[in-house]
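Read the structure below first, then the notes.
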Amino acid sequence: MKIPDIAPGGRVLAFGHYQPANVVTNDDLAKTMETNDEWILSRVGIKERRVAPDGESLEDMAAIAGGKALAASGLSPEDIDLVIVATCTLETQIPNASAIVAHRLGIQAPGAFDVNAACAGFCYALGTASAAVRAGSARNVLVIGAEKLSQWIDWTDRSTAVIFADGAGAAVVAPSETPGIGPVVWGSAGDKSDAIIIKDRADYLRQEGQTVFRWATTALHPVALEACSRAGVDPSELAAFVPHQANLRIIEAIARKLGADQAVIARDIVTSGNTSAASIPLSLSRMVERGEVRTGDLALVLGFGAGLTYAGQVIEIP
């Protein structure tokens, strides 16, 4: 039996992202429900969000973001042998999004599966991709976080309608002589699984905002610190902290406890809203695009959400 070559580590080659063209502002929402710009900004920090039209599917957004990441990586579709899509908002459970997206991108016969860890999904998928590369189970992996939350939202319910949005972000993971993706620290708090829920096929997403806020602001900074420790990185060495874009107050509370004083803090939520599994790769891609981080910089990513699930790792910016 011939054992495949095992890579010392995995690294991100490139990011890509996509957002629908339709911008929904706080003033737009105020026309259909009892809310206003000041109320939304003070509670979640969002000014506007993107919402996909009926004819634009989750798979459409995932394919565009994945195609951009693939193009930026310098690889061809033939080089990809595993596609992972992190999502919790598929309109139907079968078929999976990953096989559809791979086919649209011209990737022939890859391994293809979806990951549902809600807002922590991208970090789970990135950790899985890195492990697959290191183990020799895959050469190059396309990892996508994509959500169409708008189809699961009651647009008359201000507790959710002002928060959630649509979009996609992607990364290409490849083998590396020096690891560029740190060990993933992941876990769950199943005793709080009913804090964010879609009860059945006919229901909408509902969440207990205060429960989630208390959990996120008290339980997650140790996870962030452990991810740094396992990567051998002090928080002071981080150039960026990119948490899930759930709520601006949660982001800033975790950032304060982390103590990464030199790091750029992702605040993509202000103009993108909460895009669940898409939020971290979308934020990273936009930060790279704006020049806020540079090649070789270290970034801590931290996903958390329904389940309740959480995961984080340190990555090197491509």
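Start counting the sequence shown at 22; every next residue gets the next number (our numbering). The C-beta atom is built at its ideal place from N, Cα and C for all residues, glycine as well.
Going along the chain, which residues of its own chain have a beta-carbon closer than 6 Å to the beta-carbon of residue i, five neighbours each way excluded?
i	result
Ala159	Asp102, Leu103, Ala153
Leu340	In the structure as shown, the chain begins at 22 and stops at 339. Residue 340 is therefore absent and cannot be evaluated.
Val65	Ile184, Asn268
Pro200	Gly30
Leu147	Val164
Ala28	Val154, Arg155, Pro196
Run the CB neighbour count on residue i, radius 10 Å, all protein chains shown included, and call it buried at 16 or more, exposed below.
i	result
Lys89	buried
Pro256	buried
Gly157	exposed
Ser97	exposed
Ser63	exposed
Lys220	exposed
Thr239	exposed
Gln129	exposed
Arg70	buried
Asp289	buried
Arg32	buried
Gly328	buried
Asp187	buried
Gln40	buried
Ser214	exposed
Ala138	buried
Ala92	exposed
Pro116	exposed
Pro264	buried
Ala223	exposed
Val75	It is Asp, not Val, that sits at residue 75 in the sequence shown. So Asp75 ends up on the exposed side.
Going by beta carbon distance, what residues of the same chain come within less than 7 Å of residue i, once the five residues before and after it are set aside?
i	result
Thr316	Ile338, Pro339
Ala123	Val104, Pro131, Ala133
Ala276	Phe262, Ile286
Ala245	Ile275, Leu279, Leu321, Leu323, Gly333
Asn295	Ile184, Phe185, Ala186, Gln266, Ala267
Arg125	Ala84
Asp48	Asp58
Ala299	Gly166, Ala167, Glu168, Gly188, Ala189, Gly190
Thr232	Lys213, Ala216
Ser304	Val263, Gln266, Ala287, Asp289
Val44	Glu69, Arg71
Going along the chain, which residues of its own chain have a beta-carbon closer than 8 Å to the beta-carbon of residue i, five neighbours each way excluded?
i	result
Gln114	none
Leu50	Thr56, Ile61, Arg179, Ala182, Val183
Thr177	Thr53, Met54
Ile174	Thr181, Ala182, Phe185, Tyr225, Leu226
Ser78	Glu112, Lys169
Strictly by DSSP, which residues pair up with residue i?
i	result
Phe234	Paired residues: none, contrary to the question.
Ile165	Val106, Ala191
Thr46	Glu69
Asp135	Val106
Ala35	Val193
Thr330	Ser209, Gly326
Leu321	Phe262, Val335
Phe185	Asn295
Gly203	Gly203 is not bridged to any residue.
Leu226	Ile219
Gly95	DSSP, once it has assigned bridges, lists no residue as partnering Gly95.
Gly30	Ser197
Could you tell me how far apart the beta carbons of residue i and residue j are, in whole angstroms, since I believe they sit closer than 8 Å?
i	j	result
Pro302	Phe143	5 Å
Ala133	Ser119	4 Å
Ala237	Gln228	12 Å between Cβ atoms; not a contact.
Gly366	Ala260	With the chain covering 22 to 339 only, the question about residue 366 has no answer from this structure.
Gly127	Ser306	Going by Cβ atoms, the distance from Gly127 to Ser306 rounds to 21 Å, so no, they are not a contact pair.
Ala141	Gly312	Going by Cβ atoms, the distance from Ala141 to Gly312 rounds to 28 Å, so no, they are not a contact pair.
Ala107	Val136	5 Å
Glu112	Gln172	6 Å
Ala189	Ala42	Contact doesn't hold; Cβ gap of about 14 Å is too wide.
Tyr331	Leu241	6 Å
Val206	Glu247	5 Å
Ile272	Phe234	The pair is not a contact, with the Cβ atoms about 12 Å apart (cut-off 8 Å).
Leu319	Val309	Actually they are not in contact, since the Cβ atoms of Leu319 and Val309 sit about 14 Å apart, beyond 8 Å.
Val291	Lys68	5 Å
Ser297	Cys109	6 Å
Does any CB atom of chain D fall closer than 7 Å to the CB of residue i?
i	result
Leu34	The question asks about chain D, but that chain is absent: this structure has only one protein chain.
Does the beta-carbon of residue i, which I'm using as the reference point, lie nearer than 6 Å to any heavy atom of the ligand MG?
i	result
Arg307	No copy of the ligand MG appears in this structure; indeed no ligand is present at all.
**OP:** Any chance you could list the alpha helix (DSSP H) runs of at least 4 consecutive residues sitting entirely within the stretch 228-294, in chain order?
**Re:** 230-240, 242-252, 269-279, 290-293
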